[in-house]
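Engineer: Order-wise, the sequence lines are chains A, V, L, U, Y and E. Position one of the first sequence corresponds to residue 1 (UniProt numbering), numbered consecutively onward. Position one of the second sequence corresponds to residue 1 (UniProt numbering), numbered consecutively onward. Position one of the third sequence corresponds to residue 1 (UniProt numbering), numbered consecutively onward. Position one of the fourth sequence corresponds to residue 1 (UniProt numbering), numbered consecutively onward. Position one of the fifth sequence corresponds to residue 1 (UniProt numbering), numbered consecutively onward. Position one of the sixth sequence corresponds to residue 1 (UniProt numbering), numbered consecutively onward. Ideal Cβ positions, reconstructed from N, Cα and C, are used throughout, including at glycine.
Number of protein chains: 6
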Amino acid sequence: MSLSARNRLAGTVTGVETDGLMAEVTVELGDGQEVTAVITSGSVERLGIEEGKEVNAVVKATEVMVEAEPGE
Amino acid sequence: MSLSARNRLAGTVTGVETDGLMAEVTVELGDGQEVTAVITSGSVERLGIEEGKEVNAVVKATEVMVEAEPGE
Amino acid sequence: MSLSARNRLAGTVTGVETDGLMAEVTVELGDGQEVTAVITSGSVERLGIEEGKEVNAVVKATEVMVEAEPGE
Amino acid sequence: MSLSARNRLAGTVTGVETDGLMAEVTVELGDGQEVTAVITSGSVERLGIEEGKEVNAVVKATEVMVEAEPGE
Amino acid sequence: MSLSARNRLAGTVTGVETDGLMAEVTVELGDGQEVTAVITSGSVERLGIEEGKEVNAVVKATEVMVEAEPGE
Amino acid sequence: MSLSARNRLAGTVTGVETDGLMAEVTVELGDGQEVTAVITSGSVERLGIEEGKEVNAVVKATEVMVEAEPGE
Chain A
1 MSLSARNRLA GTVTGVETDG LMAEVTVELG DGQEVTAVIT SGSVERLGIE EGKEVNAVVK
61 ATEVMVEAEP GE
Chain V
1 MSLSARNRLA GTVTGVETDG LMAEVTVELG DGQEVTAVIT SGSVERLGIE EGKEVNAVVK
61 ATEVMVEAEP GE
Chain L
1 MSLSARNRLA GTVTGVETDG LMAEVTVELG DGQEVTAVIT SGSVERLGIE EGKEVNAVVK
61 ATEVMVEAEP GE
Chain U
1 MSLSARNRLA GTVTGVETDG LMAEVTVELG DGQEVTAVIT SGSVERLGIE EGKEVNAVVK
61 ATEVMVEAEP GE
Chain Y
1 MSLSARNRLA GTVTGVETDG LMAEVTVELG DGQEVTAVIT SGSVERLGIE EGKEVNAVVK
61 ATEVMVEAEP GE
Chain E
1 MSLSARNRLA GTVTGVETDG LMAEVTVELG DGQEVTAVIT SGSVERLGIE EGKEVNAVVK
61 ATEVMVEAEP GE
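Right, here's the structure in full:
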């Protein structure tokens with residue numbers, strides 16, 4: 001099945017910090033930029049997310065903001 | 001001022017489609033991956049977002065999901 | 001690939017209204033309750049979403065609120 | 001008062017796991033499907049959310065994604 | 001019924017702009033600050049939202065970011 | 001740089017509760033109303049958020065719901 005979410009950024013997990021219910025997962029993209037995801041620890045376990053794993057960071061387009069220099 | 005949102009991905013605007021209240025902005029990252037943002041047309045005008053402009057795609061960490069191969 | 005989003009509700013599309021960039025998709029669940037999704041028209045086309053199609057409504061757990069009778 | 005959020009799914013709480021600031025609440029819908037909500041522990045206390053309680057899982061339509069078989 | 005969402009800001013509607021599926025509603029708070037909501041036009045109609053109406057702007061706590069001067 | 005998020009409410013931090021990965025920050029607006037944000041503890045540290053600090057609570061317009069008396 002495919003998901004309607006428009007953003008699916010491929011990268012490699014470089015960090016997983018689990019703390020009770022929630023976990024913070026860091027994903028490094030191909031250009032060295034990093035994406036941080038806060039997901040439930042249950043999902044980290046279920047998907048076997050760990051350092052070095054190839055994953056996609058997925059974001060719905062309505063959740064993305066844009067930051068720009070107004071006078072540019 | 002700095003924002004608590006953890007994800008700030010630098011890129012270049014490659015497309016802006018405005019339609020009434022809403023607009024779809026496409027940002028190309030350094031590794032060629034694209035991020036699509038749906039923001040209000042008012043923000044597109046206020047920030048002068050147009051093709052070729054250097055911007056950041058900003059996402060709160062709690063909005064990011066992770067997709068992975070469970071059995072990997 | 002599997003997604004970290006915890007909520008994946010199976011249902012049937014009972015309505016699709018497309019309007020410029022955005023579209024409203026109504027999904028009826030097995031118990032007759034309905035879920036409405038606002039997604040981009042681009043995703044509706046890409047996924048071939050139309051009335052009668054079997055789909056999942058997907059929601060990240062941090063996006064769900066709970067409504068209850070406090071004094072119950 | 002009524003809320004603009006379009007999705008209000010009636011169900012029964014089947015699990016509450018509280019962990020510091022955050023809590024995970026599981027709601028079973030009429031057709032047996034489950035919805036998981038991550039809310040603050042403060043809200044769990046304030047609303048008296050506990051197993052067996054009748055509640056609504058509430059989601060804004062812009063937060064819902066759709067997953068479908070593209071070639072179907 | 002009460003909602004788990006922690007933020008409920010009372011104010012007066014000072015503007016409603018409807019455009020197809022989506023609508024932009026501006027709410028002025030007691031201190032003159034404004035909150036803008038993008039909701040579906042269907043909800044604007046259903047709730048009878050119009051200029052001068054007393055409403056609450058409601059936001060889940062996990063959706064709020066904080067902006068601050070780091071060196072302050 | 002300026003952000004596309006339409007809502008930027010100025011206020012004063014009146015409470016910070018940190019618990020592992022996540023933190024709850026309370027901001028009092030000029031009219032005495034409060035906004036609660038759940039952000040990562042990492043952001044609280046990075047921005048030096050503490051009681052008494054002047055901050056903005058920032059919310060994307062698509063995340064705001066409206067609550068109203070339908071028959072009003």
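Just the Cα atoms here: how many angstroms apart are L/Leu-47 and A/Glu-51?
Structural biologist: 32 Å
Engineer: Name, please, each residue of chain V whose Cβ falls closer than 9 Å to the Cβ of A/Glu-28.
Structural biologist: Residues of chain V passing the Cβ test: none, with the nearest at roughly 10 Å.
Engineer: Scan the UniProt domain "Mop" (2-68) of chain A and note each continuous alpha helix (DSSP H) run of 4 residues or more that stays entirely inside, going in chain order.
Structural biologist: 41-47
Engineer: Between Y/Ile-49, Y/Thr-62, Y/Asn-56, which lies nearest to Y/Leu-29 when the distance is taken from Cα to Cα?
Structural biologist: Ranking Y/Ile-49, Y/Thr-62, Y/Asn-56 by Cα distance to Y/Leu-29 puts Y/Asn-56 first.
Engineer: May I have the straight-line CA-CA distance separating E/Ala-10 from A/Glu-45, to the nearest angstrom?
Structural biologist: 39 Å
Engineer: Could you name the residues of chain U that E/Met-22 contacts, counting a contact when the two beta carbons are closer than 7 Å?
Structural biologist: Leu-21, Met-22
Engineer: Could you check how far apart the C-beta atoms of Y/Leu-21 and L/Met-65 are, in whole angstroms? I think they sit under 8 Å.
Structural biologist: Not quite, the Cβ-Cβ distance comes to about 22 Å (not below 8 Å), so this is no contact.
Engineer: If the cut is a Cβ gap below 7 Å, which residues of chain A does E/Lys-60 touch?
Structural biologist: Met-65
Engineer: Using the Cα positions of E/Glu-34 and Y/Val-35, report the straight-line distance between them to the nearest angstrom.
Structural biologist: Rounded to the nearest angstrom, the gap between the Cα atoms of E/Glu-34 and Y/Val-35 is 14 Å.
Engineer: Between the alpha carbons of U/Ala-68 and V/Lys-53, how many angstroms are there, rounded?
Structural biologist: 34 Å
Engineer: From Y/Lys-60 to A/Lys-60, what does the alpha carbon distance come to, in whole angstroms?
Structural biologist: 17 Å
Engineer: Can you tell me the Cα-Cα spacing of U/Gly-32 and U/Thr-14, whole angstroms?
Structural biologist: 11 Å
Engineer: Output yes if chain Y places a C-beta closer than 9 Å to the C-beta of V/Leu-9; else output no.
Structural biologist: no
Engineer: Along chain U, which residues have their Cβ under 7 Å away from the Cβ of Y/Thr-40?
Structural biologist: Going along chain U in sequence order, the residues near Y/Thr-40 (Cβ under 7 Å) are Arg-6, Ala-61.
Engineer: Ordered along the chain, which non-local residues of its own chain (more than five positions away) have a Cβ less than 7 Å from that of U/Glu-24?
Structural biologist: Glu-17, Thr-36, Val-38
Engineer: Find the nearest neighbour of U/Thr-12 within the set U/Gly-42, U/Val-27, U/Thr-62, judged by alpha-carbon distance.
Structural biologist: The residue with the shortest Cα to Cα distance from U/Thr-12 is U/Val-27.
Engineer: Just the chain L side, please: which residues come within less than 8 Å of U/Thr-36 by C-beta, in chain order?
Structural biologist: Arg-6, Asn-7, Ala-61, Val-64
Engineer: How many whole angstroms separate the CB atoms of U/Ser-43 and Y/Arg-8, which I take to be in contact at a CB cut-off of 8 Å?
Structural biologist: So it is not a contact: roughly 12 Å between Cβ atoms.
Engineer: From A/Ile-49 to V/Ser-41, what does the alpha carbon distance come to, in whole angstroms?
Structural biologist: 37 Å
Engineer: Check whether the Cβ of U/Gly-32 lies closer than 9 Å to any Cβ atom in chain L.
Structural biologist: yes
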